[in-house]
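Below is one structure, written out as structure tokens; comments come after it.
Residue numbers (my numbering), protein chains in the order written: chain A, 1 to 275; chain B, 276 to 382.
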């Protein structure tokens, strides 16, 4: 018997006796399993569209300020670690793969395999969060968190070393010249006061922490849901359940892939461009 | 939502192939970020093109939109269409502010 047939039988048995068991798959408000699954998916997609616009608004704000302060933002970019960002992208892409495999196992009612792939996904998400912790700690250490003790000192020092920033004095007033050094010759593109430089790089780190923070929160919420699903799959395995509702895993999968997609845009836009 | 809510099991190769593509594109985007003397705007275009490419294959293959009904297409498409509207109008606003005959967006 195919999975679909099995599920239909389970549904029929469950509606035929007129009771709704707590472990039944079909909710009483739905006529058929197809209708129920479609409703679930459309609801989830509506949520995902909302999430796209939620992150989209922050991306828009970031794009506008980067466009306006491109030189200041570029120098601030240099403070982010590309190796850690790349590693985290790798980990998250891989976790999307294991999630897709978990959904596949769930559709086949292979509970143990499903739990295994969910566990791998959970593990990768954990690695991502641990990396984030180290990344954030380093930013706090260098006073790059846009809070009370924010200082652009680390950015200025790094930019000077790369020959992209020069301190100049005119009429007793200090300025930073932003530009490039080629063949030992510095060309200035823009002159800003240290206060302006501090404010604008602070804005960059504001975006960095809000965007990666909200994304990290989504990863954390995903880990909690995946944790619950692992428990469910293991219980189904222990009970030797022939058919289980795969939709919770499928919907969590959609959410998890969305979290992956957000990172797919965050990584190049925060870590890579302007190098 | 394959075939209106039926469970549709895809071959493992679909997911493996997608993963390899994603990894290849990850390498491509990092390498592109380190090419010297690329103008800033071109770097952004390259990075965004690869990101859109990666997102598209995740949506199509991992999120099964390729195999889904019209309603899922509509929802997925609508999300990105609204996003484009937001980006376009927000940018049109900020770009056109200096054109106004009074002190608006400071230069």
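Even glycine gets a Cβ: it sits at the ideal position worked out from N, Cα and C.
CB contact flag (residue i, residue j, <8 Å)
i: residue 341/A; j: residue 322/B; result: Look at the range of chain A in this structure, 1 to 275, and you will see that residue 341/A is not part of it.
i: residue 129/A; j: residue 270/A; result: no
i: residue 182/A; j: residue 290/B; result: no
i: residue 294/B; j: residue 97/A; result: yes
i: residue 215/A; j: residue 111/A; result: no
i: residue 209/A; j: residue 152/A; result: no
i: residue 340/B; j: residue 334/B; result: yes
i: residue 107/A; j: residue 302/B; result: no
Any C-beta of chain A under 8 Å from that of residue i
i: residue 346/B; result: yes
i: residue 261/B; result: The question about residue 261/B has no answer here: the residues shown for chain B are numbered 276 through 382.
i: residue 303/B; result: no
i: residue 338/B; result: yes
i: residue 319/B; result: yes
i: residue 333/B; result: yes
i: residue 367/B; result: no
i: residue 342/B; result: no
i: residue 284/B; result: yes
i: residue 299/B; result: no
Exposure label - residue i; buried when at least 16 CB within 10 Å
i: residue 258/A; result: buried
i: residue 240/A; result: exposed
i: residue 223/A; result: buried
i: residue 200/A; result: buried
i: residue 162/A; result: exposed
i: residue 139/A; result: buried
i: residue 370/B; result: exposed
i: residue 260/A; result: buried
i: residue 125/A; result: buried
i: residue 26/A; result: buried
i: residue 292/B; result: exposed
i: residue 304/B; result: buried
Below-8 Å beta-carbon distance, residue i vs any chain B residue
i: residue 218/A; result: no
i: residue 22/A; result: Below a pLDDT of 50, predicted positions are generally treated as unreliable, and residue 22/A, at 36, falls in that range; the measurement from the model is reported next regardless. False, the Cβ-Cβ gap to chain B never drops below 8 Å.
i: residue 230/A; result: no
i: residue 15/A; result: Note that residue 15/A scores a pLDDT of 46, beneath 50, so its modelled location is shaky and nothing firm can be said.
i: residue 191/A; result: no
i: residue 97/A; result: yes
i: residue 46/A; result: yes
i: residue 259/A; result: no
i: residue 100/A; result: yes
i: residue 57/A; result: yes
i: residue 274/A; result: yes
i: residue 84/A; result: no
i: residue 75/A; result: no
i: residue 89/A; result: yes
i: residue 60/A; result: yes
CB-CB length for residue i against residue j, believed under 8 Å
i: residue 118/A; j: residue 233/A; result: 6 Å
i: residue 144/A; j: residue 205/A; result: 5 Å
i: residue 361/B; j: residue 53/A; result: 7 Å
i: residue 230/A; j: residue 67/A; result: Their Cβ separation, rounded to whole angstroms, is 44 Å, which puts residue 230/A and residue 67/A out of contact at 8 Å.
i: residue 154/A; j: residue 79/A; result: 6 Å
i: residue 264/A; j: residue 326/B; result: 5 Å
Closer than 7 Å: residue i CB and nearest the ligand GDP heavy atom
i: residue 336/B; result: The ligand GDP is absent from the structure shown, which contains no ligands of any kind.
*asked:* Report the start-end ranges of each alpha helix (DSSP H) in the region 95-154 of chain A that is 4 residues or longer and not cut off at the edges.
replied: 111-141
*Entirely enclosed beta strand (DSSP E) segments - the region 188-227 of chain A, minimum 3 residues*: Segments of the beta strand (DSSP E) lying fully in the region 188-227 of chain A: there are none.
*asked:* Restricting to runs no shorter than 3 residues, where is the beta strand (DSSP E) found entirely within the region 340-369 of chain B?
replied: none
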